[in-house]
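K.L.:
Chains Z and E, in that order, are what the protein sequence lines are. Just so you know, we're using this note's numbering here: the first sequence kicks off at 571 and counts up by one. Just so you know, we're using this note's numbering here: the second sequence kicks off at 3 and counts up by one. Cβ coordinates follow ideal geometry from the N, Cα and C atoms, glycine included.
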Amino acid sequence: GAVVSQHPSWVICKSGTSVKIECRSLDFQATTMFWYRQFPKQSLMLMATSNEGSKATYEQGVEKDKFLINHASLTLSTLTVTSAHPEDSSFYICSARDRLFSQTGANYGYTFGSGTRLTVV
Amino acid sequence: GEDVEQSLFLSVREGDSSVINCTYTDSSSTYLYWYKQEPGAGLQLLTYIFSNMDMKQDQRLTVLLNKKDKHLSLRIADTQTGDSAIYFCAETRGYQKVTFGTGTKLQVIP
Chain Z
571 GAVVSQHPSW VICKSGTSVK IECRSLDFQA TTMFWYRQFP KQSLMLMATS
621 NEGSKATYEQ GVEKDKFLIN HASLTLSTLT VTSAHPEDSS FYICSARDRL
671 FSQTGANYGY TFGSGTRLTV V
Chain E
3 GEDVEQSLFL SVREGDSSVI NCTYTDSSST YLYWYKQEPG AGLQLLTYIF
53 SNMDMKQDQR LTVLLNKKDK HLSLRIADTQ TGDSAIYFCA ETRGYQKVTF
103 GTGTKLQVIP
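#1: For R15 (chain E), which beta-bridge partners are listed by DSSP?
#2: Kindly indicate which three-state DSSP category D85 (chain E) falls into: helix, strand or coil?
#3: Whole beta strand (DSSP E) runs in the stretch 634–671 of chain Z with 3 or more residues, listed along the chain?
#4: Please report how far the alpha carbon of V691 (chain Z) lies from the alpha carbon of K38 (chain E), in whole angstroms.
#5: With 8 angstroms set as the bound, which would you pick, yes or no: does the beta-carbon of I582 (chain Z) sit closer than that to a beta-carbon of chain E?
#6: Cutting at 6 angstroms between CB atoms, please list the residues of its own chain near L34 (chain E), excluding the five before and the five after it.
#7: With the cut-off set at 8 angstroms, would you say I663 (chain Z) and Q608 (chain Z) are in Cβ contact?
#8: Spell out a yes or no on whether the stretch 590–610 of chain Z and the stretch 636–652 of chain Z are touching, meaning 3 or more CB-CB pairs, one atom from each, closer than 8 angstroms.
#9: Whose C-alpha, out of Z:H655, Z:A618, Z:S665 and Z:G685, is nearest the C-alpha of K584 (chain Z)?
#10: Can you tell me whether F11 (chain E) is buried or exposed, with buried defined as 16 or more other CB within 10 angstroms of its CB?
#11: Note down, in chain order, every chain Z residue with its Cβ under 8 angstroms from the Cβ of A87 (chain E).
#12: Could you tell me whether the Cβ atoms of I639 (chain Z) and S624 (chain Z) are closer together than 8 angstroms?
#13: May I ask which residues mark the beginning and end of the beta strand (DSSP E) holding K58 (chain E)?
#14: Quick one: using the 10 Å Cβ neighbour count with 16 as the cut-off for buried, is I582 (chain Z) buried or exposed?
#15: Restricting to Cα atoms, I'd like to know which of Z:F598, Z:Q576 and Z:V573 is closest to L644 (chain Z).
If you want it as C-alpha cells, here you go:
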C-alpha cells in the first residue's frame, strides 16, 4: 500500500533556529501534499496545501513566511519552520494524496506520515 | 465552513462492541473516513465510505452513514486492548482538503 515517510520523528531546537521536516511518498507520486499541526489532545489543523511545482496554499492565520513549504518533486515536500519559538512546539504531520486519485477517481485515501514532534527550547 | 463533531471519550470492556459517532455539516461531502491515531504516531486509515453508500463492513469494522442526518458511525466488534487509540472521522469533497473531527479517545478495559 501507499507509504509516506516523514523525517525526523522528533527534533529539539533552540529558539531562533530553523528546522526542516521532510515528507516523502515512497511508492507513489503525490501531486498534492498537506501539512497539519496537532496540539496535545486536539484534532489536526490544516496549515497548508502543497502542490508540486507551484506555491503552497496556506490556511487563514498561518504565516507563510514562517512556515516555508517546498514541493519540488512528485515525491517530496518539505516544511521549514523558520526562526522557531517555543510556541511553535507541536506535532506536525504530513499527508499525501496519490496522483492516481485525481485521474481515476479511485480513492486511495490520504496517506499520513508518522509525524514530527518539534520542541523549541 | 465545514464542521465535524465527535464525542471526546468512550470506554468499553474488552470483547464488547464499540460505537464511535460523528456528525458533519457539509452536505457536499463525497468521501468520509475513519482514522486511528496511537500515541505519538501519525494517522492510520481504517476505512472509508462513499457518500452514496449506507454501510460498509470490513472485518471487525462496520461503518454506517446516514446522509440525511449527516451522521457517521464506526462500530468495532469484539473490541481488543490494541484498539485503544484516538479515532478521527474526516470528510472531503474529493479533490479538496480533508476536514477532521475532534477525535474520540477509545479506552478498552481488560
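P.N.:
Result, derived from the coordinates:
#1: E:I111, per the DSSP bridge assignment.
#2: Here DSSP, grouped into helix, strand and coil, assigns D85 (chain E) to helix.
#3: Segments of the beta strand (DSSP E) lying fully in the stretch 634–671 of chain Z: 637–643, 646–651 and 660–667.
#4: Distance between the alpha carbons of V691 (chain Z) and K38 (chain E) is about 30 angstroms.
#5: Not one chain E Cβ lies under 8 angstroms of I582 (chain Z).
#6: Answer for L34 (chain E): I51, L74 and E93, listed in chain order.
#7: Q608 (chain Z) sits close to I663 (chain Z), with the two beta carbons spaced by under 8 angstroms.
#8: With a cut-off of 8 angstroms, the stretch 636–652 of chain Z and the stretch 590–610 of chain Z count as touching, because enough Cβ pairs lie within range.
#9: Closest by C-alpha distance to K584 (chain Z), out of Z:H655, Z:A618, Z:S665 and Z:G685, is Z:H655.
#10: By the beta-carbon neighbour count (other beta carbons within 10 angstroms, threshold 16), F11 (chain E) is exposed.
#11: Scanning chain Z for C-beta atoms nearer than 8 angstroms to the C-beta of A87 (chain E) yields nothing, as the closest lies near 13 angstroms away.
#12: Their beta carbons are not under 8 angstroms apart, which means I639 (chain Z) does not touch S624 (chain Z) by this criterion.
#13: M57 to D60 is the span of the beta strand (DSSP E), which, as asked, contains K58 (chain E).
#14: Here I582 (chain Z) is exposed, its C-beta having fewer than 16 other C-beta atoms within 10 Å.
#15: Each of Z:F598, Z:Q576 and Z:V573 was checked against the Cα of L644 (chain Z), and the nearest Cα belongs to Z:F598.
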